[in-house]
Structure formats: C-alpha cells, structure tokens
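J.: Sharing a structure with you now.
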Amino acid sequence: MRVILMTGKGGVGKTSVAAATGLRCAEMGHRTLVLSTDPAHSLADSFDIELGHDSRLVRPNLWGAELDALKELEGNWGAVKRYITQVLQAQGLDGVQAEELAILPGMDEIFGLVRMKRHYDEGEYDVLIIDSAPTGTALRLLSLPEVGGWYMRRFYKPFQGISVALRPLVEPFFRPIAGFSLPTKEVMDAPYEFYEQIESLEKILTDPTQTSVRLIMNPEKMVIKESLRAHAYLSLYNVATDMVVANRIIPEEVSDPFFARWKENQQQYRQEIHDNFAPLPIKEVPLYSEEMCGLEALDRLKETLYPDGEDPAQIYYKETTMRILQEQQEYSLEVYLPGIEKRQVELSKTGDELNIRIGNHRRNLVLPQALAALQPSGARMEEDYLKIRFAAV
Numbered sequence: 000m001r002v003i004l005m006t007g008k009g010g011v012g013k014t015s016v017a018a019a020t021g022l023r024c025a026e027m028g029h030r031t032l033v034l035s036t037d038p039a040h041s042l043a044d045s046f047d048i049e050l051g052h053d054s055r056l057v058r059p060n061l062w063g064a065e066l067d068a069l070k071e072l073e074g075n076w077g078a079v080k081r082y083i084t085q086v087l088q089a090q091g092l093d094g095v096q097a098e099e100l101a102i103l104p105g106m107d108e109i110f111g112l113v114r115m116k117r118h119y120d121e122g123e124y125d126v127l128i129i130d131s132a133p134t135g136t137a138l139r140l141l142s143l144p145e146v147g148g149w150y151m152r153r154f155y156k157p158f159q160g161i162s163v164a165l166r167p168l169v170e171p172f173f174r175p176i177a178g179f180s181l182p183t184k185e186v187m188d189a190p191y192e193f194y195e196q197i198e199s200l201e202k203i204l205t206d207p208t209q210t211s212v213r214l215i216m217n218p219e220k221m222v223i224k225e226s227l228r229a230h231a232y233l234s235l236y237n238v239a240t241d242m243v244v245a246n247r248i249i250p251e252e253v254s255d256p257f258f259a260r261w262k263e264n265q266q267q268y269r270q271e272i273h274d275n276f277a278p279l280p281i282k283e284v285p286l287y288s289e290e291m292c293g294l295e296a297l298d299r300l301k302e303t304l305y306p307d308g309e310d311p312a313q314i315y316y317k318e319t320t321m322r323i324l325q326e327q328q329e330y331s332l333e334v335y336l337p338g339i340e341k342r343q344v345e346l347s348k349t350g351d352e353l354n355i356r357i358g359n360h361r362r363n364l365v366l367p368q369a370l371a372a373l374q375p376s377g378a379r380m381e382e383d384y385l386k387i388r389f390a391a392v
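Counting in numbering that gives the first Met the number 0, the sequence shown runs from 0 upward without gaps.
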C-alpha cells in the first residue's frame, strides 16, 4: 500500500491538497482513502460532505474518514480507560471528570498510527493519504515509534513482568487500603500491544518505497522556516520527503496596486523555496479567486497539481535520509539533515544506541552491529549530511 502524508504549518492548505490528491488517485484506478488525523478536522468541509470515523465513499474508488479518537480509544484502550477511571474515582473525582481525565494527552496521535496500521494490514486500499495535524504534532506522531520503543525497553517491559508476578500476593492487602485494584494482565498488556503495532508501523513509515511526506507551504518567511525545520526533523526520523507544494501564489494577472508588495515578497520567497528545498520537486499552486470547498473546486486544484493525468501515487523523488559507509578500517554514519548547522546537533552514545538531538527533537538510533562496538570519533556537516565517524576505542 502506498502511504502519503500531507503536512505543513496550520492554515497552508494541506487538507485541500490531500483531498485533491485523493481525487486524482481515484481517477487513476487506485482504491484510495483520505484519512484526517488532525483533531481540528476540516476534510469533510473540503469535500463538502459529511464524514465520520468510518470510511465513506466520496466518488468511485475514493473514500474519506475523520479519525474519532474517542471511538478508537473505546475499541483499543477500553480496559485501560476503565482502570484509570476506577483509580481516579477512588481519589474522589466524579464519574464524568474521571472519564475525561482517563483520556491521556497525545492519545489521538497514537490512535492515528494504530488506524494507519490497521488499514495497512487489511489491504483494502491501494493508497492511503493522511491529512495530518500541523507540522509540530505530525512530527510527534512520527517520533512515537522511536520514543515509545525507548521507554518500553527500559521501563515498561520489566515493570509489566513484576506487576503480573506480584499481583496475586499484593492484591488482598492493596484494595482495602487504596480503594481500587491493581491492574489486571489485560490492562498491563494493552500498552505493549499498542507498542508492537506502532513498532511494526515504523518499518512502513521509514520505507521510502512505500511512504513519503509532502510538505505544503505558502511563500511566507515564517512558513518556509518551519518547513525547513520539518524537513530536517523528518530526515532525523528516517522518513523521506518526495515533494514540496508552494500554495496560494498570487497570479501574474493580478494587477491591483494593493497586491504589488505581496507579489514582490512572494517572488523572493518562491526563489527561496526552490533554493532551499532543491533537489525536491516543487509544485506551485495559485491563489484561487474562490474557496477550495466542494468537489468542483477540488477538481480544479487537482488539474493544477497533477496535469495531463499525472499519477500522484508515484514516488517523485527518492531521498536517502541515512547511509553507512566504510573507508578502510573506519565507518561513518551519514544522516541527512538539510538546513541544520553542526552547532545545533548534540550527540551521545550509550551501549548500542546513538542519541541525536536537535532542539527538542531527539532520536535514539539503535546502531548496527558493525558500529555498536565502536565509539564516535568526530562529526561534521557536509552537503546537508551530518557525517559521524566511528573508530575502535
């Protein structure tokens, strides 16, 4: 199954691009689902039809859906939710408050991943287009497999074994004192089962032959800066980007003096987009005179984005986000981090894991056996690659 994730700063038009891409994919004969994982859903508004948690047919070969985190929670996390509610009620919270607080922050992002994995396993669709949350939230979603694996290996799995073993011994004394029971095996197993699904999904997300991200942006300074950072962070998580869409460009025929300064600035920022994101292919979309709402408007956008029957499911650019090279007796690990300076990167190694940190984004990379026994001996930035040398101690 082909997976395409649309992301960008809030308000740049990624939902419209996702919907138009779905329309063209369906026309090409691909069974296509456009799934919104953004808590502030607007996919239904874009198609101008009612959408819900379950997939709904929009056109032949095209379905749409908006993730309902509460429904996913009940279906996949019900036992844990009920247990957390029980604990909170024992602390004096009423039923409504306890149930609301039982939905932990970030659960909608986790359920977005679980929903993606389910569609992948079922194989019902040829193309899955994700209309994701704005860039920051989308990056947290993509980092979950890496971060979740770190916590599971170090903390949760050992705690799970201890809890199951001690529960029969401690439960008779615990409940009368605390007012609630210790977690059952079903409750303890649920988070690890989630992690196993997310871990297997990571292989799909980091496979550039199946999955790619498309960055949607407007020709504006703040938007370009955020998109550049997003491109680097996506590479840090080994997720390939295959296209940039520059949206809402004022057409040349607009001659009103009010827009003269806007057009001048856009010319400068359009050039920056081409300079900063090359060699990624860049598609430009004009600012239309009407809202991109409804199938008729989306059809016009579709023809602009993918003219002459172009297939959006193709891989537009094969981006290498990570590679290992051997030079004589030394190895080097090269990570593609476009636009990042060496001073912004922090490196450390613990056991067989290399920790790469850029700002508040961190990746714990499990090293292959050839590098695990070596120590980093130096690093430099060269042609947008962070090149880390490894040598024997």
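The beta-carbon is built from N, C-alpha and C at its ideal position, and this holds for glycine as well.
Being a predicted model, the structure only gives us computed values, none of them experimental.
1. Looking only at its own chain, which residues have a Cβ that is under 6 Å from the Cβ of L279, when we skip the five neighbours before and after it?
2. Would V284 and T240 be called neighbours here (beta carbons separated by less than 9 Å)?
3. Which residue wins for smallest C-alpha separation from E394, given the options F389, E382, I314 and Q266?
4. Closer than 8 Å by C-beta to A209: which residues in its own chain qualify, once you throw out the five before and the five after it? Chain order, please.
5. Tell me the rounded alpha-carbon separation between D351 and R342.
6. Which class does L364 belong to by DSSP, given the choice of helix, strand or coil?
7. At the level of alpha carbons, what is the spacing between L403 and E26?
8. What does DSSP give as the partner residues of Q327 in its beta bridges?
9. Can you tell me where the beta strand (DSSP E) holding K220 begins and where it ends?
10. Using only the alpha-carbon positions, how far apart do E382 and L214 sit?
11. Around the Cβ of A277, are there at least 16 other Cβ atoms within 10 angstroms (buried) or fewer (exposed)?
12. If you reduce the DSSP assignment to three classes, tell me which class D241 lands in.
13. Name the DSSP beta bridge partners of M291, please?
14. How about I129 and A229: are their beta carbons less than 9 Å apart?
15. If you check the beta carbons only, do P337 and A245 fall under 9 Å apart?
16. Just verifying my parser: in three-state terms, what is the DSSP assignment at R30?
17. Examine the Cβ distances between the stretch 56 to 71 and the stretch 296 to 313 and report whether three or more of them are shorter than 8 Å.
18. Beta carbon of K348, beta carbon of L324: below 9 Å?
19. For H123, which three-state DSSP category applies?
20. Ordered along the chain, which non-local residues of its own chain (more than five positions away) have a Cβ less than 7 Å from that of Q196?
21. Does M5 come out as helix, strand or coil in the three-state DSSP assignment?
22. What residues in its chain sit with their C-beta under 7 Å from that of R362, if we drop five residues either side in the sequence?
23. Based on the DSSP output, what are the partners of L92 in its beta bridges?
24. Taking the continuous beta strand (DSSP E) assigned at K282, which residues delimit it?
25. For M377, which option in A369, I387, L34 and L370 has the closest C-alpha, if you only look at C-alpha atoms?
26. Using beta-carbon positions only, say whether A39 and G51 come within less than 9 Å of one another.
27. Mind reading off the beta-carbon distance from L69 to T36? Whole number of angstroms is fine, and I expect it under 8 Å.
28. Could you tell me if P256 is buried or exposed, where buried requires 16 or more neighbouring beta carbons within 10 angstroms of its beta carbon?
29. Once the 5 residues before and after Q265 are set aside, which same chain residues still bring their CB inside 7 Å of it?
30. Whole angstroms are fine: how far does the CA of G111 sit from the CA of L200?
31. On the premise that P207 lies in contact with E20, defined as a C-beta separation below 8 Å, what is that separation, rounded to the nearest angstrom?
32. Can you name the residues that DSSP bridges to S15?
33. From the DSSP secondary-structure annotation, give me the bridge partner or partners of W62.
34. Opposite F389 in the DSSP bridges: which residues?
T.: Taking the definition as stated:
1. Sequence-distant Cβ neighbours of L279 in its own chain, meaning closer than 6 Å and more than five residues away, are V243 and Y316.
2. The answer is no: Cβ separation not under 9 Å.
3. With the chain represented from 0 up to 392, any question about residue 394 goes unanswered, as that position is not in the structure.
4. According to the sequence as given, residue 209 is Gln; it is not Ala. Excluding positions up to five away in sequence, the list reads M0, R1, V2 and I203.
5. Their Cα atoms are separated by approximately 24 Å.
6. Strand.
7. What is shown of the chain runs 0 to 392, which leaves residue 403 out entirely.
8. Answer is none; Q327 lacks a bridge partner.
9. For K220, there is no enclosing beta strand (DSSP E); the residue is part of the alpha helix (DSSP H) that begins and ends at K220 to L235.
10. Their backbone Cα atoms lie some 21 Å apart in a straight line.
11. A277 is exposed by the Cβ-count criterion.
12. Under the three-state reduction of DSSP, D241 is assigned to strand.
13. Residue pairing from DSSP leaves M291 without any beta-bridge partner.
14. Cβ distance not < 9 Å, so I129 and A229 don't count as in contact.
15. Taking C-beta atoms as the reference points, P337 and A245 fail to come closer than 9 Å.
16. In the structure shown, R30 sits in coil (DSSP, three-state: anything other than H, G, I, E or B).
17. Taking a contact to require three or more Cβ pairs closer than 8 Å, the stretch 56 to 71 and the stretch 296 to 313 do not qualify as touching.
18. No, these two residues do not count as a Cβ contact at 9 Å.
19. Contrary to the premise, residue 123 reads as Glu rather than His in this sequence. E123 sits in coil when the DSSP states are folded into three classes, being neither helix nor strand.
20. These residues qualify, in order along the chain: V113 and K116.
21. When DSSP states are grouped into helix, strand and coil, M5 belongs to the strand group.
22. Only E145, L235, Y236 and I355 meet the Cβ criterion.
23. DSSP, once it has assigned bridges, lists no residue as partnering L92.
24. From DSSP, the beta strand (DSSP E) with K282 extends over I281 to P285.
25. Checking the sequence shown, residue 377 turns out to be Gly, not Met. Here the closest residue by C-alpha is I387.
26. No, they are not a contact pair.
27. Actually they do not touch by this definition, with Cβ atoms about 14 Å apart.
28. So P256 counts as exposed.
29. The answer, listed in chain order, is P218, I248 and I249.
30. Distance between the alpha carbons of L200 and G111 is about 11 Å.
31. Here the sequence assigns Thr to residue 20, which means Glu is not the residue at that position. T20 to P207, Cβ: 18 Å. No contact.
32. Residue pairing by DSSP places S15 in no beta bridge whatsoever.
33. In the DSSP output, where bridge partners are listed per residue, W62 has L32 and L56.
34. The partner list for F389 (beta bridge, DSSP) reads Y330 and P375.
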